[in-house]
Amino acid sequence: MLNRLALRASCRGVVGARSLRSFSTAPPAGRSLSSVPVETHIPEVAEPPDVGARHANDYNVRTSSTQPDDELRSMGGYTSSVRHDWTKAEIAEIYNSPFHELMHRAGVVHRMYWNPAEVQQCTLLSIKTGGCTEDCKYCSQSQYNKTFVKPTPTMKVQEVLEAAKRAKEAGSTRFCMGAAWRELGGKKNAFKHILNMVEGVNKEGLEVCATLGMLTAEQAQQLKAAGLTAYNHNLDTSPEHYPKVITTRTYEERLETIANVRDAGLSVCCGGILGLGEKDTDRVGLLHVLSTLPQHPESVPVNALVSVEGTPLGDDEDIDAVDAFDMSRMIATARIVMPRTMVRLSAGRLSFSDAEQYMMFSAGANSIFNGDKLLTADNPAFNEDERLFSKLGFKGKPAHRGPLVSPDELGGNVEITRVEGGGGFEVNSEQQGVKVTHVS
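Going by the numbering used here, the first residue of the sequence shown is number -11, and it counts up by one from there.
Written as structure tokens, this is what we have:
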């Protein structure tokens, strides 16, 4: 028999309303307005919750303790849980729901799990540009595509560390290094330098991410030992549309790298790109693959294709441009089906206005790439992002610290039900400020 533990935080900030009075601004008959007594009522307000409380920093620890999978959260008429058994039909129903309803639901789910004021800032640096042996039809760095990008050697360790320091000074807390390689393979000397880069960036107090193509299990373990926080390896699109975009690497090979990264204890960063000529069914298909992995990615980047002249997709005039509604619909659906995952607003952000970006944050995005360059595509400058954060009232997430606990969770607005095995009984108790109800 299952026991259901319904948890509701007791620190709910409730305004103590004593009574409701109806009144008129007109004075009683025979009296002037100045002679009418006025009663001042100041409601009692409970002590505010500790808005600085944070979850565990390690994603694996966080998902197994403070926010386990066997947990249902309810607020505002919606119920959410971390599931790995989503069907395409279920995701398609969410994705295709009326836009206003989708945005509202995603916003509620976002507030069940996250503090919406906290947004992670990441910087991506291309440490090895151009000359890639992959044939990705969207990429300016592929050797198959004749673009403005010219191959360059791998950056020196000190150059990368100096860039990391600049990123930290500008407010970034995660530093990602990207190399235009199909795979790390037998690049022993280059890998040695990358391990030194990881160690050096880690010493700067930044979280460290890398995207270096396919990895073996041993290479993933070595990166973990050097201090790598997360590894990015995107799936790009659905399994069905993928062969139309890339032929030099299979979908299964990408999934194998993701498994190697996860098994090494690294956080997985994995998402896709909108604007590859895909259909809505392909966007649903990508989300289905991500949401049915053994563990949801720690972060899911949502990119809008930045068309580059000289690439097959950049030169294809039949492909519709991605707009803010496309991005918001994808982000909102990702937020609903992967509620504990950080959703990152990535490439293409420069093409959207502040108001359009706010719509995407409202859909559930809580991470961005900032800085002057996003690999080879323009991205908003650091000072522009600082201005945007100030305008929207956002604050950056500190490095090596877990995310802030949701204010709605702290305030008792989120009802949490945990399902556990055990005997059949019913008892109410108070434990560490949390009301626990065991129901057989």
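Glycine included, C-beta positions come from ideal geometry on N, C-alpha and C.
CA-to-CA distance, residue j to residue i, given in whole angstroms
{"i": "Gln129", "j": "Pro139", "result": "8 angstroms"}
{"i": "Asn222", "j": "Gly260", "result": "6 angstroms"}
{"i": "Ile82", "j": "Thr321", "result": "6 angstroms"}
{"i": "Lys65", "j": "Tyr101", "result": "Checking the displayed sequence, the identity of residue 65 turns out to be Gly instead of Lys. Approximately 15 angstroms between the Cα atoms of the pair."}
{"i": "Thr405", "j": "Ala94", "result": "20 angstroms"}
{"i": "Gln146", "j": "Asp46", "result": "28 angstroms"}
{"i": "Leu172", "j": "Gly273", "result": "28 angstroms"}
{"i": "Met347", "j": "Ser316", "result": "7 angstroms"}
{"i": "Val407", "j": "Ile324", "result": "21 angstroms"}
{"i": "Leu363", "j": "Glu403", "result": "Any reading at Leu363 must be qualified, since the residue scores a pLDDT of 40, below 50, and its modelled position is unreliable; no value is offered."}
{"i": "Leu216", "j": "Val186", "result": "6 angstroms"}
{"i": "Arg(-8)", "j": "Ser69", "result": "Residue placement at Arg(-8) cannot be trusted, given a pLDDT of 40 that sits under 50; what the coordinates show is reported in the next sentence. Cα to Cα, the separation comes out at about 14 angstroms."}
{"i": "Ala208", "j": "Arg375", "result": "37 angstroms"}
{"i": "Pro104", "j": "Lys153", "result": "27 angstroms"}
{"i": "Leu392", "j": "Leu398", "result": "10 angstroms"}
{"i": "Ser394", "j": "Arg99", "result": "6 angstroms"}
{"i": "Asn190", "j": "Arg337", "result": "27 angstroms"}
{"i": "Met330", "j": "Ala353", "result": "7 angstroms"}
{"i": "His88", "j": "Val97", "result": "14 angstroms"}
{"i": "His284", "j": "Thr238", "result": "21 angstroms"}
{"i": "Pro86", "j": "Phe313", "result": "12 angstroms"}
{"i": "Glu266", "j": "Leu301", "result": "11 angstroms"}
{"i": "Lys175", "j": "Lys134", "result": "25 angstroms"}
{"i": "Ala335", "j": "Thr111", "result": "12 angstroms"}
{"i": "Leu333", "j": "Glu206", "result": "31 angstroms"}
{"i": "Asp123", "j": "Thr235", "result": "7 angstroms"}
{"i": "Thr436", "j": "Arg328", "result": "Any property of residue 436 remains undetermined from this structure, which presents the chain solely from -11 to 428."}
{"i": "Phe357", "j": "Lys76", "result": "29 angstroms"}
{"i": "Glu157", "j": "Gly166", "result": "20 angstroms"}
{"i": "Gly253", "j": "Pro231", "result": "30 angstroms"}
{"i": "Asn48", "j": "Asp303", "result": "42 angstroms"}
{"i": "Ala345", "j": "Lys383", "result": "In the sequence as displayed, the identity of residue 345 is Gln instead of Ala. If I take the Cα positions, the gap works out to 15 angstroms."}
{"i": "Ala213", "j": "Arg71", "result": "30 angstroms"}
{"i": "Glu429", "j": "Gly159", "result": "There is simply no residue 429 to check, as the chain begins at -11 and stops at 428 in what is shown."}
{"i": "Arg271", "j": "Asn84", "result": "11 angstroms"}
{"i": "Cys257", "j": "Gly40", "result": "26 angstroms"}
{"i": "Arg389", "j": "Gly298", "result": "42 angstroms"}
{"i": "Arg61", "j": "Arg50", "result": "16 angstroms"}
{"i": "Leu281", "j": "Asp251", "result": "13 angstroms"}
{"i": "Leu149", "j": "Ser355", "result": "22 angstroms"}
{"i": "Gly188", "j": "Glu59", "result": "39 angstroms"}
{"i": "Ser339", "j": "Phe349", "result": "15 angstroms"}
Residues that DSSP places opposite residue i in a beta bridge
{"i": "Gly260", "result": "Asp224, Val290"}
{"i": "Lys116", "result": "Ala167"}
{"i": "Ile307", "result": "Answer by DSSP bridge pairing: none, since Ile307 is not bridged."}
{"i": "Met202", "result": "Glu171"}
{"i": "Leu111", "result": "As written in the sequence, residue 111 is Thr, which differs from the Leu given in the question. DSSP lists Phe163, Asn358 as partners of Thr111."}
{"i": "Ile234", "result": "In the DSSP output, where bridge partners are listed per residue, Ile234 has none listed."}
{"i": "Glu403", "result": "Ser62"}
{"i": "Gly273", "result": "BP columns for Gly273 are empty, so no partner."}
{"i": "Tyr126", "result": "Partner(s): none; Tyr126 has no beta bridge."}
{"i": "Tyr47", "result": "According to DSSP, Tyr47 bridges with nothing at all."}
{"i": "Tyr219", "result": "Ala198, Val256"}
Span of the beta strand (DSSP E) around residue i
{"i": "Val189", "result": "Val189 -> not in any beta strand (DSSP E); alpha helix (DSSP H) instead, spanning 176 to 191."}
{"i": "Ala198", "result": "195 to 199"}
{"i": "Phe357", "result": "355 to 358"}
{"i": "Tyr66", "result": "66 to 68"}
{"i": "Leu333", "result": "330 to 333"}
{"i": "Ser435", "result": "This structure leaves residue 435 out entirely; the chain is present only between -11 and 428."}
Residue i, enclosing alpha helix (DSSP H) - first and last residue
{"i": "Thr321", "result": "312 to 325"}
{"i": "Gly95", "result": "87 to 101"}
{"i": "Glu244", "result": "239 to 251"}
{"i": "Leu281", "result": "That residue, Leu281, is in no alpha helix (DSSP H); it is neither H nor E in DSSP."}
{"i": "Pro395", "result": "395 to 398"}
{"i": "Leu301", "result": "No alpha helix (DSSP H) holds Leu301; DSSP gives it neither H nor E."}
{"i": "Asp342", "result": "342 to 350"}
{"i": "Gln146", "result": "145 to 157"}
{"i": "Tyr83", "result": "76 to 83"}
Supposed close pair residue i, residue j - CB separation, criterion 8 angstroms
{"i": "Ile115", "j": "His276", "result": "Ile115 to His276, Cβ: 33 angstroms. No contact."}
{"i": "Met91", "j": "Ala351", "result": "6 angstroms"}
{"i": "Val233", "j": "Gly263", "result": "The Cβ separation is near 11 angstroms, so there is no contact."}
{"i": "Ser255", "j": "Ala218", "result": "4 angstroms"}
{"i": "Lys379", "j": "Val107", "result": "Not really, about 13 angstroms apart at Cβ, beyond 8 angstroms."}
{"i": "Met326", "j": "Ser279", "result": "5 angstroms"}
{"i": "Gln109", "j": "Asp373", "result": "7 angstroms"}
Any C-beta of chain B under 8 angstroms from that of residue i
{"i": "Thr235", "result": "As a matter of chain content, chain B is missing from the structure shown, which is built from one protein chain."}
Do the segment 225 to 235 and the segment 199 to 210 meet, that is, are 3 or more Cβ pairs less than 8 angstroms apart?
-> Cβ pair count under 8 angstroms is below three, so no.
Would you call the segment 289 to 304 and the segment 237 to 256 in contact, with 3 or more CB pairs under 8 angstroms?
-> no
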